[in-house]
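Asks: Going by our numbering, the sequence shown opens with residue 3, and the numbers climb by one from there. Think of the CB as a built atom: it goes at the ideal place given N, C-alpha and C, for glycine as much as any other residue.
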Amino acid sequence: MTTLFPLSLLQSANAQAAGGQWTFWVMIIAIIAIMYFFMIRPQNKKQKEIQKFRNSLEVGQEIVTIGGIYGTVRQVDEAENSITVEVASGVRIKFDRSAILPKSQAGQNQR
């Protein structure tokens with residue numbers, strides 16, 4: 003009788019340890035889900051919006067480059083995937099399309 007009592011305590015301790023593993027995995031999955039919905043998904047959404055803007059660039063549209071240069075689109079070259087931007091009267095600079103942001107998002111990227 004005295005040896006059965008410690009054995010029953012060991013069995014209950016093992017049962018609790020197995021339950022602890024289950025809750026650990028639930029917490030890990032919950033943390034990953036929270037990270038996805040609060041960090042990864044909004045970033046992907048923002049990238050899609052920027053890509054949509056870059057694909058819809060037109061002559062005369064005001065833009066800002068990722069380097070902070072403000073200007074107006076003067077030429078769109080689909081073959082080279084480049085944009086010619088006029089930054090001052092008669093001053094034109096050629097940029098890769100991936101270096102262009104909407105003018106409204108220029109200040110948001112400094113955070």
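1. Nearest to valine 75 by CA position, among Lys47, Val28, Pro104, Ile52, is which residue?
2. Taking just the CA atoms, how far does arginine 99 sit from serine 84?
3. Let me know the secondary structure DSSP gives serine 167 once reduced to three states.
4. Can you tell me whether glutamate 60 is helix, strand or coil according to DSSP?
5. Would you check if the distance between the CB atom of leucine 59 and the CB atom of valine 28 is smaller than 7 Å?
6. Assign glycine 73 to buried or exposed, taking buried as 16 or more other Cβ atoms, counted over all protein chains shown, within 10 Å of its Cβ.
Replies: For this structure:
1. As a first step, residue 75 must be located in the sequence shown, where it is residue number 73. Nearest of Lys47, Val28, Pro104, Ile52 to valine 75, Cα basis: Pro104.
2. Stepping through the sequence shown from its first residue, residue 84 is reached at position 82. Stepping through the sequence shown from its first residue, residue 99 is reached at position 97. If you draw a straight line from the Cα of serine 84 to the Cα of arginine 99, it comes to about 5 Å.
3. Outside the modelled stretch of the chain, which goes from 3 to 113, sits residue 167, for which no answer is possible.
4. As a working mapping, residue 60 is identified with position 58 in the sequence shown. Under the three-state reduction of DSSP, glutamate 60 is assigned to coil, being neither helix nor strand.
5. Residue 59 sits at position 57 when you count from the first residue of the sequence shown. Residue 28 sits at position 26 when you count from the first residue of the sequence shown. No.
6. Translated into the one-based positions of the sequence shown, residue 73 becomes position 71. With 16 or more other CB atoms across the displayed protein chains lying within 10 angstroms of its CB, glycine 73 is buried.
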